[in-house]
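**Q** Offset between the sequence shown (1-based) and the working numbering: plus 1.
My questions will all concern the structure given below.
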Amino acid sequence: MNGRKMKIYLDTVGCRLNQAEIERYARQFRAAGHELVGSAEEADLAVVNTCTVTNAAASDSRKLIRRAAREGADEIVVTGCWSTLRPEKAAALQNVSRVVPNHKKDRLVPDLLGVTGETFDLEPVERRPIPGTRLRTRAFIKVQDGCENRCTFCITTVARGAGRSRTIEQVISDVRAVLDGDEVEGAAQEVVLTGVHLGSWGQDLEGGQRLADLVRAVLNRTGVPRLRLSSLEPWDLDPAFFDLWQDERLCRHLHLPLQSGSAATLRRMARKTTPQAFAELVAAARERIPEVAITTDVIAGFPGESQAEFEESLAFVRAMNFAGGHVFTYSARPGTAAARMPDQVPHPQRKTRNARLRAVLA
């Protein structure tokens, strides 16, 4: 961008992967000599990373873009899942100068600045909190993007595309970068490995690599004080995976999305598990990782969910004794199979079921 030094405002909504991407943009902009600022009002350029997992997330994405324009950002670059699926709508918003689709977002900063991606990997970058974000001493590292699953409720697989793994060397480089510096400078005390389908890491790489190989490499080749894994699909794991927790630097927490405790509902969701298989995996995790905290995601009011199916799901969630979790009221996303299913649950029932699930998970 004409070689001038700019003030950059970064904002994001949605998943941990979006947070990991925005943190990487911050490191790249800093490495190129640009300044990060805490509001769009101060910025020459704003970058907004959007989400579309629910109707509310898509609405929040538009609000962030409009707020950046209202606060005075003359140039706004938009990326992420909502803008990838609705590029014309994103481009029509005030002061949006560029819409970067997900398949090009890893090169967003190099392309904006007109430099090669390798430029940013020459030296470690001082890690300080990103103005305007909640970043403190935890850093999110993107290790994988895209997903080969086709859960019938999920639009993210459409927006993110096929599964793509970053190499061990790329991940190690990013981990070392966020560990650079001391506590005063904001060095990361905890690293979170994240991806759209984290458990599939390595399946597209040569040599039959698996997520366990990546975790061991990070633990063995970096000085990471604490390492946490983001959401993991239960069908990607086996009991041997939990032996990794013999290294005490791995946080004793697993987020295993259930989505429903009813076998019939899981089949309509095209989830590759059953309540019984899920329960067996949780039992194995609790046996091999003492005091592990297991959290989950559950959807309330999925199409065709009868009262009997809901009660079955509620009872299963109660029996699992999760440490916590997120309950999502089902939101029909255009382009998904679930949005076309018959027997859509009325919205008032969805909200009631959400409240009952939340009470069990509280």
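Each residue gets a CB set at the ideal place from its N, CA and C atoms; glycine is no exception.
#1: Mind checking which residues open and close the beta strand (DSSP E) that includes Asn50?
#2: Who are Ser166's beta bridge partners in DSSP?
#3: Near Thr55, what residues of its chain come up, given a Cβ to Cβ distance below 6 Å and the 5 sequence neighbours on each side ignored?
#4: Tell me whether Val216 sits in a helix, a strand or coil according to DSSP, three-state version.
#5: Could you tell me if Arg351 is buried or exposed, where buried requires 16 or more neighbouring beta carbons within 10 angstroms of its beta carbon?
#6: In angstroms with no decimal places, state the Cα-to-Cα distance between Ala368 and Pro276.
#7: Could you round the C-beta distance between Lys8 and Glu42 to whole angstroms and report it? I think they count as a contact, below 8 Å.
#8: Among the residues of its own chain, which have a CB less than 8 Å from the CB of Gly164, if the five just before and after it don't count?
#9: Just the Cα atoms here: how many angstroms apart are Glu186 and Ile169?
#10: On a CA-only basis, which of Ala47, Gly73, Ala91 and Glu36 is nearest Ala59? Give me that one, please.
#11: Apart from the five residues on each side of it in sequence, which residues of its chain come closer than 8 Å, Cβ to Cβ, to Glu292?
#12: Assuming contact is defined by CB atoms lying nearer than 8 Å, are Arg161 and Ala271 in contact in what I supplied?
#13: Could you check the C-alpha separation between Ser40 and Lys64 for me, to the nearest Å?
#14: Would His348 be called buried (16 or more neighbouring beta carbons within 10 Å of its own) or exposed?
#15: Check whether the Cβ atoms of Leu228 and Val283 sit closer than 8 Å, and answer yes or no.
#16: Out of curiosity, what's the CA-to-CA distance linking Lys105 and Glu22?
#17: How many angstroms separate the CA atom of Phe141 from the CA atom of Leu180?
#18: Let me know the alpha helix (DSSP H) ranges lying completely inside the stretch 79–105, each 4 residues or longer, listed in chain order.
#19: Going along the chain, which residues of its own chain have a beta-carbon closer than 8 Å to the beta-carbon of Met342, five neighbours each way excluded?
#20: On the three-state DSSP scale, how would you describe Tyr26?
#21: I need the DSSP call for Asp107, collapsed to helix, strand or coil.
#22: Inspect the beta-carbon positions of Val225 and Val216 and report whether they are closer than 8 Å.
#23: State buried or exposed for Cys16, treating a residue as buried only when at least 16 other CB atoms are found within 10 Å of its CB.
#24: Short of 6 Å in beta carbon distance, which residues of its chain neighbour Thr85, apart from the five on each side in sequence? Order them along the chain.
#25: Quick one: give me the first and last residue of the beta strand (DSSP E) that Leu282 is part of.
#26: Among Val346, Glu281 and Ala340, which residue has its Cα nearest to the Cα of Gln308?
#27: On a CA-only basis, which of Cys155, Asn96, Trp246 and Arg28 is nearest Ala338? Give me that one, please.
#28: Taking just the CA atoms, how far does Ile173 sit from Ser98?
#29: Grab me the residues of Gln95's own chain with a C-beta within less than 6 Å of its C-beta, minus the 5 sequence neighbours each way, in chain order.
#30: If I'm right that Leu109 touches Tyr26 with Cβ under 8 Å, what's the distance once you round it to whole angstroms?
#31: Rounded to a whole number of angstroms, what is the C-alpha to C-alpha distance between Cys372 and Val100?
#32: Which same chain residues end up closer than 7 Å to Arg354 when comparing Cβ atoms and leaving out the 5 residues on each side of it in sequence?
#33: Among Phe317, Ile290, Arg289 and Glu313, which has the Cα closest to the Cα of Thr297?
#34: Using CA coordinates, which residue listed in Ala286, Pro88 and Leu46 is at the minimum distance from Asp75?
#35: Just to confirm the assignment, what range does the beta strand (DSSP E) spanning Phe329 have?
#36: According to DSSP, simplified to helix, strand and coil, what is Lys8?
**A** According to the structure data:
#1: Leu46 to Thr51
#2: Gln145
#3: Ser332
#4: helix
#5: buried
#6: There is simply no residue 368 to check, as the chain begins at 2 and stops at 363 in what is shown.
#7: Between Glu42 and Lys8 the Cβ distance is about 10 Å, and since that is not below 8 Å, they are no contact.
#8: Within its own chain, the residues whose Cβ lies closer than 8 Å to the Cβ of Gly164, once the five positions on either side in sequence are excluded, are Gln145, Asp146, Gly147, Cys148, Glu149, Val197, His198, Ser201, Gln204 and Asp205, listed in chain order.
#9: The pLDDT assigned to Glu186 is 40, lower than 50, so where the model puts this residue is not dependable; a value taken from the coordinates is nonetheless given after this. Distance between the alpha carbons of Glu186 and Ile169 is about 26 Å.
#10: It is Ala91 whose Cα lies nearest to the Cα of Ala59.
#11: Excluding sequence positions up to five before and after Glu292, its CB lies within less than 8 Å of the CB of Arg253, all in the same chain and listed in chain order.
#12: no
#13: Answer to the nearest angstrom: the Cα atoms are 15 Å apart.
#14: exposed
#15: no
#16: Going from the Cα of Lys105 to the Cα of Glu22 covers about 12 Å.
#17: 12 Å
#18: Inside the stretch 79–105, DSSP marks whole alpha helix (DSSP H) runs of 4 or more residues at positions 82–86 and 88–93, from first to last along the chain.
#19: Thr153, Arg269, Pro304 and Gly305
#20: helix
#21: helix
#22: no
#23: Cys16 should be labelled buried.
#24: Result list for Thr85: Pro102, Asn103 and Ala160, in chain order.
#25: Where Leu282 is concerned, there is no enclosing beta strand (DSSP E), although the alpha helix (DSSP H) it sits in stretches over Pro276 to Arg289.
#26: Val346
#27: Residue Cys155 is the option with its Cα nearest to Ala338.
#28: 34 Å
#29: Ala70
#30: 7 Å
#31: What the structure shows of the chain is the stretch from 2 to 363, and residue 372 is not part of that stretch, so it cannot be assessed.
#32: Ala301, Gly302 and Phe311.
#33: Phe317
#34: Leu46
#35: Gly325 to Thr330
#36: strand
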